[in-house]
Amino acid sequence: MVVKGRPRTGAGGRGKRAAVLDAAVTLFLDRGFDQTSMDVVAAEAGVSKTTVYAHFGDKVELFRAVIERGSSSLDFDLDQAMLSSVDDPQERLTHIVTKLLEATTAPQYLALIRVLTTEAARRPELTAAMRTLGVPHVVDVVAATLLEDGQRHGYTLPDPHTYAALFVRMAAAGLQMDALLSPEPRHDSARLAAHARWSTTLFLRALRSQDPVALPEAPLRNAGDAFAVFEPPHTD
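Take the sequence shown: its position 92, counted from the start at 1, is 475 in the working numbering, and no numbers get skipped.
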């Protein structure tokens, strides 16, 4: 998720909705959820409070829209990675993980995670709003790549989306935690790329093992997990 805000330049050219979202990004990250009012967002965006409510029914809906816009930006980057990558699934998966790590260790993303962590206990509606966005697109992209790798190397995943979600957690969580806890977060592209290659190689090597025992089914899913809904999209 890449959370992008832009300097305030007035609402005319870019549209009032975009101006409100830009202002909300800045204010949520600077002040947190509770200290950001719809009045302040309207003033920052250069629009009326009525305009803010016309586009977003309440502050939770506005926060959800901020998350959704950031997610859409990362989704585009991941789709471009799929289209521009080499034919080898392992190289493609490495590239996807690198893009994910670049986005989720960026300063604005970390600031948003801190807001969510601080507010989650008192404001469960924020977490609920995030869950309404569904499965992160990265899980779909990784699942498709794992399916292709399985076809090439002779293994079958019992639940590709669950395995994809597991891989995303394994590949990204450690560096994200390091970045969150570091007093001066570093965005070292070479380190992120090396970690992506290492974690991808280990995961695929395990899946490609010639062990005749079938791959295990995933454990029961917890409805409280961020990636609780792993089901692939339904098709007719």
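Glycine included, C-beta positions come from ideal geometry on N, C-alpha and C.
The structure presented is a predicted model; accordingly, all values stated were derived computationally and were not measured.
Status (buried if at least 16 other CB within 10 Å, exposed otherwise) for residue i
{"i": "Gly557", "result": "exposed"}
{"i": "Thr539", "result": "exposed"}
{"i": "Thr500", "result": "exposed"}
Cβ pair residue i, residue j closer than 8 Å
{"i": "Phe550", "j": "Val525", "result": "yes"}
{"i": "Leu509", "j": "Ala562", "result": "no"}
{"i": "Thr434", "j": "Ala425", "result": "yes"}
{"i": "Val480", "j": "Thr545", "result": "no"}
{"i": "Leu445", "j": "Ala407", "result": "yes"}
{"i": "His536", "j": "Arg588", "result": "no"}
{"i": "Gln473", "j": "Asp532", "result": "yes"}
{"i": "Leu476", "j": "Leu412", "result": "no"}
Span of the alpha helix (DSSP H), counted from its first residue to its last, around residue i
{"i": "Glu600", "result": "Glu600 -> no alpha helix (DSSP H), and no H or E assigned at all."}
{"i": "Arg506", "result": "Premise fails: Arg506 is in no alpha helix (DSSP H) and is neither H nor E."}
{"i": "Pro543", "result": "Pro543 to Leu564"}
{"i": "Gly533", "result": "His520 to His536"}
{"i": "Thr435", "result": "At residue 435 the sequence reads Val, which differs from the Thr that was named. From DSSP, the alpha helix (DSSP H) with Val435 extends over Lys432 to His438."}
{"i": "Gln473", "result": "Pro472 to Thr487"}
{"i": "Ser582", "result": "Ser572 to Leu590"}
{"i": "Glu567", "result": "Premise fails: Glu567 is in no alpha helix (DSSP H) and is neither H nor E."}
{"i": "Thr419", "result": "Neither: Thr419 is in no alpha helix (DSSP H) and is coded neither H nor E."}
Residues of its chain near residue i, where Cβ-Cβ distance is below 7 Å and the 5 sequence neighbours each way are ignored
{"i": "Gly404", "result": "In the sequence as displayed, the identity of residue 404 is Leu instead of Gly. If we look at Leu404 and ignore the five residues flanking it on each side, its Cβ neighbours are Ala448, Val449 and Arg452."}
{"i": "Leu410", "result": "Thr419, Val423, Val424 and Glu427"}
{"i": "Ala401", "result": "none"}
{"i": "Phe416", "result": "Phe446, Val498, Glu502, Arg506 and Leu509"}
{"i": "Asp462", "result": "none"}
Cβ shell of residue i (< 8 Å), same chain only, five flanking positions each side left out
{"i": "Glu600", "result": "Pro541 and Asp542"}
{"i": "Leu575", "result": "Thr481, Leu484, Glu485, Thr488 and Leu558"}
{"i": "Tyr436", "result": "Met421"}
CB-CB length for residue i against residue j, believed under 8 Å
{"i": "Ala579", "j": "Ala547", "result": "Incorrect: roughly 15 Å between the Cβ atoms, too far for contact."}
Close Cβ partners of residue i (< 6 Å) along its chain, the five nearest in sequence each way excluded
{"i": "Leu530", "result": "Pro543"}
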